[in-house]
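Notes follow the structure.
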Amino acid sequence: MLISETFLKPSKTFRIQNYQIYRTDRTTGRGGGTAILIKQGITHEEIETESLQSIENTGIRIKTRNGDLICYAVYNPPGTTITDVDIKKLFRHNIATIAAGDLNAKHRAWNSRVTNAAGKQLLEIANENDLIIAAPSEHTHLCTGTNTTDLLDIAVIQNVRWAYRLETIMDLSSDHLPVILELETGVEEKRRTIMKTNWLRYKERLRAKKRDIQNTEQLEEAIEDIENRIKNAVEEATTTTEVTSREPIPKNLKILLIQKRSALRKYRRTLHPEDKKILNKRTQEVKEQLREHRTKEWDKKLESLESENTSLWQMAQQVMGKKTRRRMPRIVHTGGVALTDADKAEVFATHLESQFTNNPENQDVDVNFNMNVNRIGTRIETPNENEEDDEIEEISESEIQDILKNLKTRKAPGPDGIKNQALKYLPEEAIQEITEIARGVFRTEQFPKIWKEAVTIMLHKYGKPTNEANSYRPISLLPALSKVIERTLYKRLKSFADSRNILPDHQFGFRTEHSTIYQLARMTEDIKDKLNISIPTGAIFLDIEKAFDKVWHHGLIYKLKRDKFPRKLVNIVQAYLSGRTFRVRIGDQLSSIKEVHAGVPQGSVIGPLLYNIYTADIKTPEKCKIAQFADDTALYISSRRKEGVQKGLQEDLLKIHKYFEKWKIKVNPIKTVGVYFDHKRREKNQRTSFSTVIPSNGKRKQST
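Per the UniProt record's numbering, residue 1 is the first one in the sequence shown, and the count goes up by one each step.
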């Protein structure tokens with residue numbers, strides 16, 4: 001759908017269900033703007049808006065069965081000149097191209113009532129550049145001021161070898177009528193389907209094998225084999241049905257629509273006041289019937305909702321607009337603008353590859369310290385005679401069964417394409433095989449290479465510009481079976497950390513019986529108690545830059561060894577972190593493979609725990625209290641004197657800053673905020689040890 005003069009501004013939202021929209025809004029003055037609506041599932045890509053002298057435009061490239069087709073929605077304001085330069089820019093691609101819309105170009109050559117200057121210019125340019133100007137046989141515009149009709153909405157065509165026709169339709173009551181341009185070619189369309197799996201048949205098709213895994217080669221072979229058998233069994237047990245999202249229109253409403261179109265066609269022909277009255281009456285009848293139909297359909301939906309399943313939640317998400325699929329907008333980068341999904345994926349992959357690296361070493365940190373950490377962090381520990389292995393619990397079949405039972409079925413699959421639901425329906429023999437694979441991981445002290453590649457999707461950070469790569473958070477989609485084995489590793493890492501009290505009490509992130517609310521309540525209660533006795537509190541809320549993505553691998557392994565984690569666990573974690581790769585997926589397109597040199601995967605099972613272990617030895621402040629939830633860190637101190645608050649925060653902040661520099665953790669001073677809680681006026685910004693002004697927001701708290 002090519003739309004001319006949308007009247008939209010960047011601040012206005014415009015959506016139609018099951019359609020993707022591309023817009024070029026006029027940012028100055030009234031009116032103008034162009035847009036294209038294309039049905040979701042049709043293979044296409046956005047093309048860069050041409051910078052023209054007068055013609056506003058929005059363009060896309062559509063994949064058809066006969067080759068690519070470029071479509072532009074165009075609008076040329078009244079009284080402006082159509083230039084040869086503008087038209088040549090639109091038709092420079094040397095493939096089938098259509099530019100359609102209101103060009104305000106009238107000429108009797110395409111059945112306009114009169115000829116104007118823009119029409120003469122366009123016809124001359126078309127003749128010189130082998131362009132075809134196509135128009136419907138009926139008028140497309142009603143000028144209400146003069147009560148006359150004319151033909152303004154046309155298509156300029158080049159290199160289109162297929163038959164086509166244009167027709168004015170009487171479906172809208174605007175002064176511009178819609179024009180249908182029908183081409184005799186098909187489009188590549190990914191149709192929506194419903195897949196239904198017969199899980200009983202799946203179990204019958206899946207044959208398990210007995211395993212005795214003693215080395216890495218056997219481990220890799222076993223994993224690849226069972227993953228292929230699971231996928232084949234799912235495919236054999238699944239039927240696919242194509243569905244349509246089009247809602248049926250009631251018969252009485254169809255009749256009214258036909259009557260309305262007939263009345264509109266008659267009025268356009270006669271322009272008689274009585275015919276206008278009939279048209280208005282038919283239009284009102286359609287509106288009332290449509291409103292009644294939608295109300296009935298809405299009531300049916302509400303009656304079908306149940307609290308026992310997810311239907312109520314899904315409806316709430318849909319009403320709030322959170323279930324609407326939106327195509328990722330163009331991404332601006334140093335090399336230009338990424339418009340296609342393939343280009344966007346590559347831009348994100350390059351961006352993340354540079355992000356998944358260690359923060360630079362600080363010159364103030366002892367060189368020998370870094371060398372020692374790197375030496376210990378890279379060394380693979382081997383068993384010795386005095387080592388006791390009884391600290392690690394043997395993996396049992398019941399443990400694997402419990403993990404599979406508690407898997408969430410709505411999680412997106414990773415690069416293996418296996419959904420959690422397929423694992424939940426595994427027969428007992430297959431569970432025994434997976435148990436042996438898990439034991440093989442611990443026996444070989446290796447994490448399989450086949451599980452080290454992630455498919456990374458990008459989630460937009462709320463409030464950030466949508467056209468910048470840095471405004472998106474990477475989430476790793478990992479192989480389904482790898483996450484099952486990760487849970488066995490997580491259980492043993494956590495058990496050891498808990499038994500040795502490695503994680504500090506002030507860390508509430510990703511821990512059982514802890515939550516953000518509890519941490520906030522603890523801190524709020526401390527501040528409130530002090531305010532009740534007229535003692536102010538100062539707090540610094542630190543923002544750790546790319547915390548999970550910048551974890552120093554050698555530093556993490558060094559700490560695991562220093563804290564006496566069992567050798568097997570350390571070696572598996574070391575293998576888990578080394579040699580990892582990823583590919584970014586945008587739409588159906590995957591980027592090239594990129595390497596990971598730092599960080600823990602966001603979306604993994606053990607990633608949050610590894611981060612907590614990595615930062616567990618943060619210095620406990622001497623004067624301040626500290627509160628943490630994963631990478632969110634706050635320091636706060638109460639004192640009757642403002643100078644006492646400033647001094648206490650500054651001294652402890654300096655110590656924590658040195659800790660961060662030592663372990664290659666970077667604080668973002670721009671996002672770090674200082675807050676002074678008292679009953680007085682707001683304080684000015686104060687300079688901190690990060691050599692940057694931290695915003696200070698005075699908060700007024702009332703005693704209760």
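Beta carbons are placed, not taken as given, at the ideal position from N, Cα and C, and that holds for glycine.
**Message:** Using only CA atoms, which one of Thr149, Tyr462, Leu290 lies nearest to Thr270?
**Reply:** Ranking the options by Cα distance to Thr270, first place goes to Thr149.
Exposed or buried, which one is Leu302 when buried takes at least 16 other CB atoms within 10 Å? Here Leu302 is exposed. Its C-beta has fewer than 16 other C-beta atoms within 10 Å.
message: Between Glu224, Thr83, Arg61, which has its C-alpha nearest Ala117's C-alpha?
response: Ala117 has its Cα closest to that of Thr83, out of Glu224, Thr83, Arg61.
Notebook entry, point to check: Alpha carbon to alpha carbon, what distance is there between Thr58 and Trp162?
Noted result: Between the alpha carbons of Trp162 and Thr58 lies a gap of roughly 23 Å.
Length of the line joining the Cα atoms of Ile533 and Thr524
In this structure, the CA atom of Ile533 is about 15 Å from the CA atom of Thr524.
Legend entry - Beta-carbon gap between Ala634 and Phe541 smaller than 8 Å: One thing to note: Ala634 has its Cβ within 8 Å of the Cβ of Phe541.
Roughly how many whole angstroms lie between the Cα atoms of Lys63 and Glu45?
Those two C-alpha atoms are separated by around 9 Å.
- Item | As assigned by DSSP and simplified to three states, the class of residue 709 | There is no way to answer for residue 709, as the model of the chain reaches only from 1 to 704.
query: What are the boundary residues of the alpha helix (DSSP H) that Phe582 is part of?
result: Looking at the DSSP string, Phe582 is not in any alpha helix (DSSP H); the run it does join, the beta strand (DSSP E), is 581 to 586.
Handout entry: Residue nearest to Asp341 in terms of C-alpha spacing, selected from Phe677, Ser591, Lys655
Key = Closest option to Asp341, Cα to Cα, is Ser591.
Problem set entry | Own chain, CB closer than 8 Å to Ile16, minus 5 neighbours either side, in chain order | So the list reads Leu37, once near-sequence residues are dropped.
Residues that Gly336 bridges to, as DSSP identifies them: Bridge pairing for Gly336: His333 [DSSP].
Going by the CB atoms, is the gap between Pro413 and residue 705 shorter than 8 Å?
Examination of residue 705 is not possible in this model, given that the chain is present from 1 through 704 alone.
ask   = Where does Gly599 sit, in a helix, a strand or coil, going by DSSP?
value = Assigned with DSSP and collapsed to three states, Gly599 falls in coil, not helix or strand.
If you run the structure through DSSP and keep just helix, strand and coil, what is Ser11?
Three-state DSSP puts Ser11 in coil, outside helix and strand.
- In terms of residue numbering, what span does the beta strand (DSSP E) encompassing Glu453 cover? Counting along the chain, the beta strand (DSSP E) containing Glu453 begins and ends at 453 to 460.
With 16 other CB atoms within 10 Å as the buried threshold, where does Ile258 fall?
By the 16-neighbour rule on beta-carbons within 10 angstroms, Ile258 is exposed.
Q.
Checking the sheet assignment: what are the DSSP bridge partners for Glu361?
A. Per DSSP, none; premise fails for Glu361.
For the beta strand (DSSP E) that contains Tyr75, what are its first and last residues? Bounds of the beta strand (DSSP E) holding Tyr75 are 67 to 75.
message: Let me check understanding here. Comparing Cα to Cα, which of Gln355, Leu177, Ala438, Asn76 lies closest to Lys594?
response: Here the closest residue by C-alpha is Gln355.
Practice task
Confirm the yes/no value for this check: CB of Asp84, any heavy atom of the ligand NAP, distance under 7 Å.
Solution key: This structure does not include the ligand NAP; it has no bound ligands of any sort.
Quiz prompt | Cβ-Cβ distance between Pro136 and Val179 below 8 Å | solution = In contact: Pro136 and Val179 (Cβ atoms closer than 8 Å).
| task | State yes or no: is the C-beta of Pro479 within less than 8 Å of the C-beta of Trp451? | result | For Pro479 and Trp451, yes; Cβs fall inside 8 Å.
Practice problem: Kindly indicate which three-state DSSP category Glu138 falls into: helix, strand or coil? | Solution: Note: Glu138 maps to coil in three-state DSSP.
**Prompt:** Given a threshold of 16 other Cβ atoms within 10 Å of its Cβ, counted over all protein chains shown, does Leu8 qualify as buried or as exposed?
**Reply:** Per the 10 Å Cβ criterion, buried.
query = Under the three-state reduction of DSSP, which class applies to His107: helix, strand or coil?
reply = For His107, the three-state secondary structure derived from DSSP is coil.
Report task. Pull up the DSSP beta-bridge partners for Ile47, would you. Result -> BP columns for Ile47 point to Gly59.
### 8 Å Cβ cutoff met for Glu5 and Val337
Contact flag unset, no.
Which two residues bound the contiguous alpha helix (DSSP H) that contains Tyr381? Looking at the sequence shown, residue 381 is not Tyr but Glu. Per DSSP, Glu381 belongs to no alpha helix (DSSP H) and is neither H nor E.
- Query: Would the beta-carbon of Ala616 fall within 8 Å of that of Leu503?
  - Reply: Cβ atoms of Ala616 and Leu503: closer than 8 Å.
Worksheet item: Just reading off the alpha helix (DSSP H) that Asp543 is part of, what are its end residues?
Response: Per DSSP, Asp543 is not a residue of any alpha helix (DSSP H), being assigned neither H nor E.
Nearest-angstrom Cα separation, counted from Asn467 out to Leu352
In a straight line, the C-alpha of Leu352 is about 16 Å away from that of Asn467.
Going along the chain, which residues of its own chain have a beta-carbon closer than 7 Å to the beta-carbon of Phe447, five neighbours each way excluded? Once the five neighbours on either side are set aside, the close Cβ partners of Phe447 are Val441, Ile572, Ala575, Tyr576.
Any 3 or more C-beta pairs closer than 8 Å across the stretch 551 to 568 and the stretch 607 to 614: Cβ pair count under 8 Å is three or more, so yes.
Quiz prompt | Whether Tyr490 touches Val605 by CB criterion (8 Å) | solution = Going by C-beta atoms, Tyr490 is nearer than 8 Å to Val605.
*Under 8 Å between the Cβ atoms of Ser112 and Leu151?*
Taking 8 Å as the Cβ cut-off, Ser112 and Leu151 qualify as a contacting pair.
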